[in-house]
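Residue numbering for the sequence shown follows the numbering used here, starting at 18 and increasing by one per position. Single-structure report; data block below.
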Amino acid sequence: MKIANDKPRICVATVAYNNPEELSALFESIARQTRPIDGLIVIDNSEKIDFIDSNKRIFNSLLPDVSYKKYIAMDKNRGSAHGFKKGMEIAHANGFDWVWLLDQDGIADEKCLKFLAEVANEADVLCPKVLAIEDGSSELTFRSNINFWGDFVPIFVGKTTEHRVMTVFATHGVMISRLAIDKTGYFDDKNFFCGWEDHDYSLRLKEHNCSMILIPEAVVYHPDLAVKYKKIKPTKLAITSRAFLFINSICTLPPFLGTATNEGTELEEIRRKTRLVLFRKYVRGFRFWVTILFSMFCLSMMKVTGRKVSFLDSFVMYLELVRYNPREDE
């Protein structure tokens, strides 16, 4: 599939959540684009009325010349998967050729959209390079290919301007064509809440033979997640993971079985369910059983070498994997 429109209509979709300062910085970067946007959609998941009021003021005051604008405040936090799905649905229903997905905590270089729009006839999904917002130069692992085992192999392009075929993306900056949405649908908000819904959508695009390319000239900025969340240290952490935490430096293995148990927080429960969904959706047949058996072997080796392992948690997780069926996507 290729987009042949010389002047495609491009709509931004973003999900706001409890941080008007970040939303304002994102809007300012959109306003600086040398190629203006044609539409703007904000899905607000904020949980406090003060944040919602501030986000509304930002939405109404910035980018006043955009011809199509839509702001929706959700009744509660429904997650990034639902928010981006809603934005994609609205953009698609209003006839836009492309939807440009941007994270609230990121920004875009002023020429980013210009470079993306110039190659809108080359692929179904266009991905800019992602640099760390902290230093403006470190390339982040937001663009990858997937190997035989299901492992994500990051793509680093450095200073090259060569366009690269890719398989897996994280959301920020990705521009998705109308034709890709026609074939693949939207983000899966039935099985995902916040995290990995973009990776799942990437793999679904691949299954529908949609082409994805990385455009190094186009640049967006995003927090380095290792820096952003470095202060989060669960007080009780029992690792129940297979080999990539143990021998991944020797042999790359499918990542979907990794799990951790702590105090049983809601966030950890979301993460656990996410891993179950990804594994069951994309690791099938013979590889499914081989991976489970090998994971159990690796847990035993971790226990022998002094790692903190919960065999009971692991057994429960594997039993859930065998019995778990992801809900059908729309």
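From the three backbone atoms N, C-alpha and C, an ideal C-beta is built for every residue, glycine too.
Residue i (DSSP reduced to helix, strand or coil)
i: leucine 79; result: coil
i: asparagine 342; result: coil
i: alanine 149; result: strand
i: lysine 128; result: coil
i: valine 244; result: helix
i: isoleucine 66; result: helix
i: arginine 181; result: strand
i: lysine 93; result: coil
i: arginine 49; result: coil
i: asparagine 162; result: strand
i: isoleucine 198; result: helix
i: tryptophan 213; result: coil
i: threonine 322; result: coil
i: proline 37; result: helix
Burial state of residue i, where buried means 16 or more other Cβ atoms lie within 10 Å
i: asparagine 279; result: Here the model assigns asparagine 279 a pLDDT of 39, short of 50, so the residue's position is not dependable and the matter cannot be decided.
i: valine 29; result: buried
i: tryptophan 115; result: buried
i: phenylalanine 332; result: exposed
i: serine 103; result: Looking at the sequence provided, one finds lysine at residue 103 rather than serine. Counting Cβ neighbours within 10 Å, lysine 103 comes out buried, since at least 16 surround it.
i: serine 312; result: buried
i: glutamate 214; result: buried
i: arginine 297; result: buried
i: serine 317; result: exposed
i: aspartate 70; result: exposed
Beta-carbon proximity check, residue i vs residue j, cutoff 8 Å
i: valine 83; j: leucine 57; result: yes
i: asparagine 77; j: aspartate 61; result: no
i: threonine 210; j: glycine 96; result: According to the sequence displayed, residue 210 carries phenylalanine and not threonine. In contact: phenylalanine 210 and glycine 96 (Cβ atoms closer than 8 Å).
i: valine 32; j: proline 145; result: no
i: phenylalanine 101; j: threonine 188; result: yes
i: asparagine 36; j: glutamine 121; result: yes
i: aspartate 206; j: histidine 99; result: yes
i: glutamate 151; j: proline 81; result: no
i: aspartate 217; j: leucine 295; result: yes
8 Å contact criterion, which residue i and residue j should meet: CB distance rounded
i: valine 170; j: serine 161; result: 6 Å
i: methionine 183; j: isoleucine 198; result: 18 Å between Cβ atoms; not a contact.
i: lysine 87; j: isoleucine 107; result: 6 Å
Practice task
Examine the Cβ distances between the segment 227–234 and the segment 166–185 and report whether three or more of them are shorter than 8 Å.
Solution key: yes
Exercise for the section: Check whether the segment 186–197 touches the segment 110–124, taking contact to mean three or more Cβ pairs, one atom from each stretch, closer than 8 Å. Expected result: yes
Exercise for the section: Flag this pair as touching only if the segment 221–228 and the segment 198–209 have three or more C-beta atom pairs under 8 Å; answer yes or no. Expected result: As far as the Cβ criterion goes, the segment 221–228 touches the segment 198–209, which means the pair count is three or higher.
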